[in-house]
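Asks:
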Amino acid sequence: MRDLWNRREERFQVYMDVEEGLAEKVTRNNNGAMEMWLNRSSTDGFILLGIFSHSLPDLVLFSAVTGVFTVALCGNGLPIFLIFTDPRLHTPMYFFLSQLSLMDLMLVCDIVPKMAVNFLSGTKFISFVGCGIQIGLFVSLVGSEGLLLGLMAYDRYVAISHPLHYPSLMNQRVCLQIAGSSWAFGILDGLIQMMAAMSLHYCGSRNVDHFFCEVLSLLKLACIDTSLFEHVLFVCCVFMLLLPFSIIVASYSRILRAVLHMRSAQASRKALATCSSHLTAVSLFYGAAMFIYLRPRRYQAPSHDKVVSIFYTVLTPMLNPLIYSLRNREVMGALRKGLDRCRIGSQH
């Protein structure tokens, strides 16, 4: 019996030694991968050529972009706060607007601060890891916003064409599913493009002819044939742009049909006014995105791409809250109510 017990102890000790050896080996491998990743990040970074030089006109334009960035921060942060704190704004439409403002807020924070730091410091350098993170965030947010704009068109269609059934058709569960699917597909698209772009081997020039790490600009620096990846990128762009755009076209064709059959002229004007703001934001966003990603390659020019990219990375996030929220009577009422509450509190 004692011999059997001793043999069990010996087997257990051997098992523990094997486990410790495997754990040590895994730790060494992970540390080695991490060191390789960090070393690549410190030595294989990129140079973002940017969009501005240090001439006087470009300094004025840079100041304007900085001002637009500040307005975008305040303009998107304020609706998120008001919609979250005011119970009167806890409706499907304002929930979607809060998600749109959150996406725009994250988008400008992903692009503009790094661009400003590079311009002011003159370094123009971005690490390999930083470039990958910027690609992942940018693609995720642009894809999520495109899908959300498409699904918001469906929300407007239900509100105008089926007003009596709107509360049941657009309940809390459906709203969460719409917002969650927009985020999920956008993040998936971002991860795919980030992993594909970062797995390529780059050699020779490290100069990215853009003001942020943009996938199409990075492909020009790859040492291998990128035609397969370009086809994958095109398919992703077609899915993330044309699918929600088709939802928008279908929804607004039905909305127009419903408006034409309305007997009340006042109701027709109200419905068209509600939809006009959404159509304005859609035109700005999809027009710029389709111009860059769905054009034939022979018509692509870096100078044009950089200018158009300003529209949906800086200008659109600033204009969205002005188009949607800050012209809205209920949002402005919530803002005045909050200011009055602050004024009364300061007096006491």
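Going by the working numbering, the sequence shown opens with residue 27, and the numbers climb by one from there. Here a beta-carbon is modelled for each residue, glycine too, at the ideal position from N, C-alpha and C. This one's a predicted model, so the numbers in the text were calculated from it and none came from an experiment.
According to DSSP, is K267 part of a helix, a strand, or is it coil?
Replies: Looking at the sequence itself, residue 267 is Leu, so the reference to Lys does not match. Correct three-state label for L267: helix.
Asks: Closest to F265 by C-alpha separation, out of D84, F211, S231, would be which residue?
Replies: F211
Asks: Report back the beta-carbon spacing between A314 and Y338 to the nearest angstrom; my notes put them in contact at under 8 Å.
Replies: About 4 Å separates the beta carbons of A314 and Y338, which is inside the 8 Å limit, making them a contact pair.
Asks: According to DSSP, is F72 part of a helix, a strand, or is it coil?
Replies: strand
Asks: Within the same chain, show all residues whose beta-carbon is closer than 7 Å to that of G169, passing over the 5 residues directly before and after it, in chain order.
Replies: If we look at G169 and ignore the five residues flanking it on each side, its Cβ neighbours are F211, G212, D215, G216, M266.
Asks: For G162, is the classification buried or exposed, using 16 other Cβ atoms within 10 angstroms of its Cβ as the cut-off for buried?
Replies: Looking at its Cβ environment, which holds 16 or more other Cβ atoms inside 10 Å, G162 is buried.
Asks: Applying the 10 Å Cβ sphere with the 16-neighbour rule, what's the burial state of M62?
Replies: Its pLDDT being 47, under 50, M62 is placed unreliably by the model, and nothing is read from it.
Asks: Could you compute how far the alpha carbon of D366 sits from the alpha carbon of P118?
Replies: Each residue's alpha carbon lies about 26 Å from the other.
Asks: Please state whether the Cβ-Cβ distance between P343 and P105 is less than 8 Å.
Replies: no
Asks: Cα separation between A360 and L115?
Replies: 8 Å
Asks: So, for I218: in the same chain, excluding its five sequence neighbours on each side, which residues have a beta-carbon less than 8 Å away from its beta-carbon?
Replies: Within the same chain, I218 has close Cβ partners V258, C262.
Asks: Can you tell me which of the three DSSP states A248 falls into?
Replies: strand
Asks: Please work out which residues of its chain come closer than 6 Å, Cβ to Cβ, to A297, disregarding the five sequence neighbours upstream and downstream, and give them in chain order.
Replies: Hits under 6 Å: I186, V285.
Asks: To the nearest angstrom, report how far apart S81 and F145 are at their CA atoms.
Replies: Rounded to the nearest angstrom, the two C-alpha atoms are 12 Å apart.
Asks: Report the rounded CA-to-CA distance for N354 versus F154, giving the unit in angstroms.
Replies: 43 Å
Asks: In the structure shown, what three-state DSSP assignment does N102 receive?
Replies: helix
Asks: Within a Cβ cutoff of 8 Å, which residues of the same chain sit near D112, ignoring the five residues on either side of it in sequence?
Replies: A360, K363, G364
Asks: Check whether the Cβ atoms of S243 and D235 lie closer than 8 Å to each other.
Replies: Cβ distance < 8 Å, so S243 and D235 count as in contact.
Asks: If we count the other Cβ atoms within 10 Å of its Cβ and call it buried at 16 or more, is Y183 buried or exposed?
Replies: buried
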